[in-house]
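A.B. asks: Residue numbers (my numbering), protein chains in the order written: chain C, 1 to 309; chain X, 1001 to 1309.
Number of protein chains: 2
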Amino acid sequence: MLSAMNLLDRQSARRHDEAYLNQLLAAPQTQLIALVGAKPVIRSNAERTAATLATIDPVVCPGGPPKLDDVMFLGVDTTTGTALFARSFTAEQAQALDPQGATLAPAVDLRSLAMQGVLAPQELGTAATAAALQAWHDSARFCGRCAAPTVSRNGGWSRHCGTCNVSHFPRTDPVVIMLVTAGDKCVLARQSAFPENMVSAIAGFLEPGETIETAVIRETEEEIGIRVHDVTYLASQPWPFPHTLMIGCRAETTHHPLKVDPSELESAQWVSRQDTRRMLANTHPDGLWVPGPHAIARTLISLFAQEKI
Amino acid sequence: MLSAMNLLDRQSARRHDEAYLNQLLAAPQTQLIALVGAKPVIRSNAERTAATLATIDPVVCPGGPPKLDDVMFLGVDTTTGTALFARSFTAEQAQALDPQGATLAPAVDLRSLAMQGVLAPQELGTAATAAALQAWHDSARFCGRCAAPTVSRNGGWSRHCGTCNVSHFPRTDPVVIMLVTAGDKCVLARQSAFPENMVSAIAGFLEPGETIETAVIRETEEEIGIRVHDVTYLASQPWPFPHTLMIGCRAETTHHPLKVDPSELESAQWVSRQDTRRMLANTHPDGLWVPGPHAIARTLISLFAQEKI
């Protein structure tokens, strides 16, 4: 029932080939990633310290063998040749996958699992793809131009409106996430929705007409009242809540006092390199901690703690 | 009728304040950027070597003074205090802005004007914001979840579905554009839609679940059959066709032979640094040329020509 994920070849040039996709869907090796709504079902140990995506054989699929219109083609495992699809189930159907309920964690936990770093990076990427695609399907069932129903095409990578004769494509929202630094200090902040004592880098949606750099400058000024003078791109990460691309940057400043926007943040503070090391090691005297491995915020904070930025 | 654009303060925290926006809309200084559909109307000299966005005074607006639901609030000019909105007009209404038709260029020319570099960077950013927002409005008139009509909110920065009680936000599609390099050569390619003899860097949409770097690797392999081993972010640019964020990278490789995907590209070739200089200077013996200033492709190619990458 479970399979380890290797590097996936998305085979985007073959998504239009329905005969090929149907052949893959019927192949004995093929696996389906199970979603409930747009949230992947994951399998974890009791302590929730390790987890994998729950996959199932299409021939034992609840509700019968899936049709091409119902699934999303994620790609072919380059090592094993196994094709991977994803499909959304009802909560009741998902329950049937694991009658004992012993190891299947509710999909709602993916965000915290991701932030705690218990899902391997490749699996997080696959989960992000499936979850982002499904969330987009759910939001694009009708044509935004004419209100006619749309249908899934290209193995779930587009939806077509027959009335407008227009194709709609999956949505990815760019978000800038920036570690604001001034010498040996950086800014870490809390949103009210964060788990207790967790702090992180500040972030916000990039708006139409902005570059990555101007979005970083605007968001930093809005959220903590700081004007930054130098922005450096560091890394990016897909984040399936619901379909986001996190663009991680360092933003340097010489201005120190923070003016926190209470509509965006609960609090924000300057933190020394030494304190970032304590937060990363879970030894901070006030119990403050930062997001786990595979969350891009931790990558940014670790680079700072290690004096690499 | 025309105004020079300075740095705009987007005032995103005040977009929900209808009284404030109505007050700005009625202020004597306030200007409207005119769009036809989602395409900005521009004013240029006869040779099309210089252009500005066409703006109008709301009190002489064709069809009467605009209502808040019909306009998009772009921000306040930080130098002059002038508020800037954008509004879409019919082609006939736009015609009335310039009865002689001497200097108003059809909006459809914005892309080539942008690629030829005749619009100043700040104006291109403002145009990108207005065009991207309007294109998104046109595509989001009905709720994709339930097909009910949506209404504009927050000065045009969201649309609300009263049936789902859900807000929809503007869409920005991340695109990776990469200069593939191997030592002193880079890859320049042609799409069949390009103007004659123009070549550029290759590009493609980032897909759900990808990082910037994995999108660059996948697209390069798909389009020219090259596996790149190192990806470096260089710069980004908003591109309003219809609502794109161009993410410019250098992608290094050691593999030389190109295998062009004919469904994506007309041709692709390895070009020496010396030849990139000739293309930038319009002195290439075969007449090949590259996109103009303010197009991010030219930024990437110029960095290579100048041996900065």
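Backbone N, C-alpha and C fix where the C-beta goes; we use that ideal spot for every residue, glycine too.
Within a Cβ cutoff of 7 Å, which residues of the same chain sit near residue 1073(X), ignoring the five residues on either side of it in sequence?
C.D. replies: Hits under 7 Å: 1015, 1021, 1085, 1155 and 1156.
A.B. asks: Quick check on residue 1085(X) - is its C-beta less than 8 Å from some C-beta in chain C?
C.D. replies: Chain C contact via Cβ: absent.
A.B. asks: For chain C, is any of its Cβ atoms less than 8 Å away from the one on residue 1132(X)?
C.D. replies: It does: the Cβ of residue 1132(X) has a partner Cβ on chain C nearer than 8 Å.
A.B. asks: Report the partner residues of residue 1233(X) according to the DSSP bridge assignment.
C.D. replies: 1249(X).
A.B. asks: Of the residues that make up the region 230-248 of chain C, which ones have a beta carbon closer than 7 Å to any beta carbon in chain X?
C.D. replies: Those would be 233, 236, 237, 238, 243 and 245, in chain order.
A.B. asks: With distances taken Cα to Cα, identify the nearest neighbour of residue 1133(X) among 1158(X), 1121(X) and 1077(X).
C.D. replies: Residue 1158(X) is the option with its Cα nearest to residue 1133(X).
A.B. asks: For chain X, find out if any of its Cβ atoms is closer than 8 Å to the Cβ of residue 37(C); answer yes or no.
C.D. replies: Output row for residue 37(C): interface = no.
A.B. asks: In three-state DSSP terms, what is residue 1007(X)?
C.D. replies: Residue state, collapsed to three classes: coil.
A.B. asks: Under 9 Å between beta-carbons, which chain C residues line up against residue 1143(X)? List them in chain order, please.
C.D. replies: Under the 9 Å cutoff, chain C gives 139, 142, 144 and 147.
A.B. asks: Measure from the alpha carbon of residue 1024(X) to the alpha carbon of each residue in 1011(X), 1283(X), 1036(X) and 1050(X), then state which is nearest.
C.D. replies: The residue with the shortest Cα to Cα distance from residue 1024(X) is 1011(X).
A.B. asks: Hey, out of 272(C), 243(C) and 76(C), whose CA is closest to residue 135(C)'s CA?
C.D. replies: When each option's Cα is compared against that of residue 135(C), the closest is 243(C).
A.B. asks: Can you tell me where the beta strand (DSSP E) with residue 1206(X) in it begins and where it stops?
C.D. replies: Here residue 1206(X) belongs to no beta strand (DSSP E), and DSSP marks it neither H nor E.
A.B. asks: From residue 1225(X) to residue 1290(X), what does the alpha carbon distance come to, in whole angstroms?
C.D. replies: Approximately 22 Å between the Cα atoms of the pair.
A.B. asks: Run down chain X in chain order and give the residues with a C-beta less than 9 Å from the C-beta of residue 129(C).
C.D. replies: Under the 9 Å cutoff, chain X gives 1207, 1208, 1209 and 1210.
A.B. asks: For residue 1297(X), I'd like the list of residues in its chain whose CB is within less than 7 Å of its CB, leaving aside the five on either flank, ordered along the chain.
C.D. replies: Cβ within range, chain order: 1177, 1200, 1201, 1290 and 1291.
A.B. asks: The beta strand (DSSP E) that contains residue 218(C), what's its start and end?
C.D. replies: Here residue 218(C) belongs to no beta strand (DSSP E); instead the alpha helix (DSSP H) covers 212-224.
A.B. asks: Do we get a CB-CB distance below 8 Å when we pair residue 125(C) with the residues of chain X?
C.D. replies: Yes, its Cβ sits closer than 8 Å to a Cβ of chain X.
A.B. asks: For residue 140(C) versus residue 33(C), is the C-beta spacing smaller than 8 Å?
C.D. replies: For residue 140(C) and residue 33(C), no; Cβs fall outside 8 Å.
A.B. asks: Name the two residues that bound the continuous alpha helix (DSSP H) containing residue 21(C).
C.D. replies: First-last of the alpha helix (DSSP H) with residue 21(C): 18-26.
A.B. asks: Assuming residue 1305(X) and residue 1273(X) make a contact with CB atoms under 8 Å, what is their CB distance in whole Å?
C.D. replies: Right, their Cβ atoms sit about 6 Å apart.
A.B. asks: Tell me, to the nearest whole angstrom, how far the beta carbon of residue 223(C) is from that of residue 266(C); I am working on the premise that it is less than 8 Å.
C.D. replies: The Cβ separation is near 11 Å, so there is no contact.
A.B. asks: Per DSSP, which one or two residues make a beta bridge with residue 87(C)?
C.D. replies: Residue 87(C) is bridged to 34(C) and 71(C).
A.B. asks: Between residue 17(C) and residue 151(C), how many whole angstroms is the CB-CB distance? I'm expecting something under 8 Å.
C.D. replies: In fact, because the Cβ distance is near 17 Å, the residues do not count as touching under 8 Å.
A.B. asks: Counting C-beta neighbours from all protein chains within 10 Å, is the total for residue 167(C) 16 or more, i.e. buried, or is it exposed?
C.D. replies: Exposed.
A.B. asks: Can you say whether residue 1088(X) is buried or exposed, counting buried as having 16 or more other CB atoms within 10 angstroms of its CB?
C.D. replies: It counts as buried.
A.B. asks: Would DSSP call residue 309(C) helix, strand or coil?
C.D. replies: Residue state, collapsed to three classes: coil.
A.B. asks: Can you tell me which of the three DSSP states residue 1014(X) falls into?
C.D. replies: Helix.
A.B. asks: In chain X, what lies closer than 7 Å to residue 12(C) by C-beta?
C.D. replies: Result: 1222.
A.B. asks: Tell me whether residue 1175(X) sits in a helix, a strand or coil according to DSSP, three-state version.
C.D. replies: Looking at residue 1175(X) - three-state DSSP - the assignment turns out to be strand.
A.B. asks: For my contact list, residue 1245(X) and residue 8(C) are in at a C-beta cut-off of 8 Å; report their separation, rounded to the angstrom.
C.D. replies: Residue 1245(X) to residue 8(C), Cβ: 25 Å. No contact.
A.B. asks: Any beta-carbon of chain X closer than 8 Å to the one on residue 172(C)?
C.D. replies: So, interface residue.
A.B. asks: What does the Cβ neighbour count give for residue 137(C), buried or exposed, with the cut at 16 atoms within 10 Å?
C.D. replies: It is buried - the Cβ of residue 137(C) has at least 16 other Cβ atoms within 10 Å.
A.B. asks: Taking C-beta to C-beta, are residue 169(C) and residue 1147(X) nearer than 8 Å?
C.D. replies: No, the Cβ-Cβ distance between residue 169(C) and residue 1147(X) is not below 8 Å.
A.B. asks: Within 10 angstroms of the Cβ of residue 192(C), are there 16 or more other Cβ atoms? Answer buried if so, exposed if not.
C.D. replies: Counting Cβ neighbours within 10 Å, residue 192(C) comes out exposed, since fewer than 16 surround it.
A.B. asks: For chain C, find out if any of its Cβ atoms is closer than 8 Å to the Cβ of residue 1218(X); answer yes or no.
C.D. replies: Chain C, which has a Cβ nearer than 8 Å to the Cβ of residue 1218(X), makes this yes.
A.B. asks: Per DSSP, what kind of secondary structure is residue 102(C) in: helix, strand or coil?
C.D. replies: Since pLDDT at residue 102(C) reaches only 49, below the 50 mark, its modelled position is unreliable, and no value is offered.
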